[in-house]
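For reference, the structure discussed in these notes is given below.
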Amino acid sequence: MQKESRLVKATRAVVLFPQVISLVVVAILWMFMYNPEFGLVNSTLNIAHLPKLAHAWLGESATALPAVTIAFLWYTVGFYVMLFAAGMKSIPEEVIEAAELDGSRGFHKFRMITWPMLWSVKRVAAVYVVVNVMNVFALVFLMTQGGPDRHTEVMLTYLYEQAFSNNQFGYAAALAVANFIVAMLLSLAILAWFRKDPQEARR
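Convert by adding 21 to the 1-based position in the sequence shown; the result is the number in this note's numbering.
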């Protein structure tokens with residue numbers, strides 16, 4: 022087995038770091054980075070002599086949703102990296118060696134051998150994407166509470182508002198059931214789409 026370099030280990034540690042810290046810490050960290058006065062993002066833009074690109078990232082309608090999306094992706098991407106890395110390690114070495122003996126290298130080997138053999142991993146990842154997107158709440162609520170002007174509002178922040186701000190508990194319960202049903206239907210649709218591995222169909 023090929024020994025991993027320090028660069029690979031360091032990169033993996035950076036990517037997986039968000040998975041070992043609290044979501045509250047993630048929200049606070051990104052709120053600090055997006056702070057319009059002393060945040061890292063605006064400070065970097067000012068140092069790069071690009072002050073016109075600086076914004077109140079979480080306070081403006083045009084930038085709030087992309088800013089929260091970046092924070093969400095940073096938090097979740099480590100799981101998928103770990104998932105696909107485990108899937109790639111499970112590919113039999115003799116398959117990879119046979120592909121290399123046939124002259125397959127680099128991206129061609131990844132496209133023709135590695136990627137098709139990750140079918141089951143892609144199915145699990147797609148379901149997790151749906152579940153994570155449909156159930157995102159804490160990060161959005163902590164960073165923006167659905168604002169400004171509801172531009173970052175998601176189903177669960179709207180549900181929370183109806184239940185605990187407007188005391189519409191019945192309506193909120195109906196929203197929760199609807200959210201569950203939509204997530205379930207999307208997951209079932211993905212499982213149906215991925216129900217048959219095209220590699221097995223060719224055999």
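For each residue, glycine too, the CB sits at the ideal point set by N, CA and C. Quantities reported herein were computed from a predicted structural model and do not represent experimental measurements.
- Taking 4 residues as the minimum length, the alpha helix (DSSP H) runs contained wholly in the segment 98-183 are 114-122, 127-130, 140-155, 159-164 and 176-181, in order along the chain.
- With contacts defined as CB atoms closer than 8 angstroms, T178 and F162 qualify as a contacting pair.
- DSSP, reduced to helix, strand and coil, places G80 outside both helices and strands of the structure shown, so it counts as coil.
- The shortest CA-to-CA distance from L86 to any of K217, E118, A120 and D170 is the one to D170.
- Per DSSP, the continuous alpha helix (DSSP H) segment holding N67 begins and ends at L61 to I68.
- The criterion of a C-beta distance shorter than 8 angstroms is not satisfied by A197 and F190.
- In this structure, V203 lies near M155, with their beta-carbon atoms less than 8 angstroms apart.
- A straight-line Cα-Cα distance of about 26 angstroms links Y101 and L79.
- For N200, the three-state secondary structure derived from DSSP is helix.
- V152 and T173 have their alpha carbons spaced roughly 18 angstroms apart.
- A Cβ-Cβ distance of about 6 angstroms is found for the pair S125 and I134, placing them in contact under the 8 angstroms criterion.
- With contact defined as three or more Cβ pairs closer than 8 angstroms, the segment 30-46 and the segment 65-82 are not in contact.
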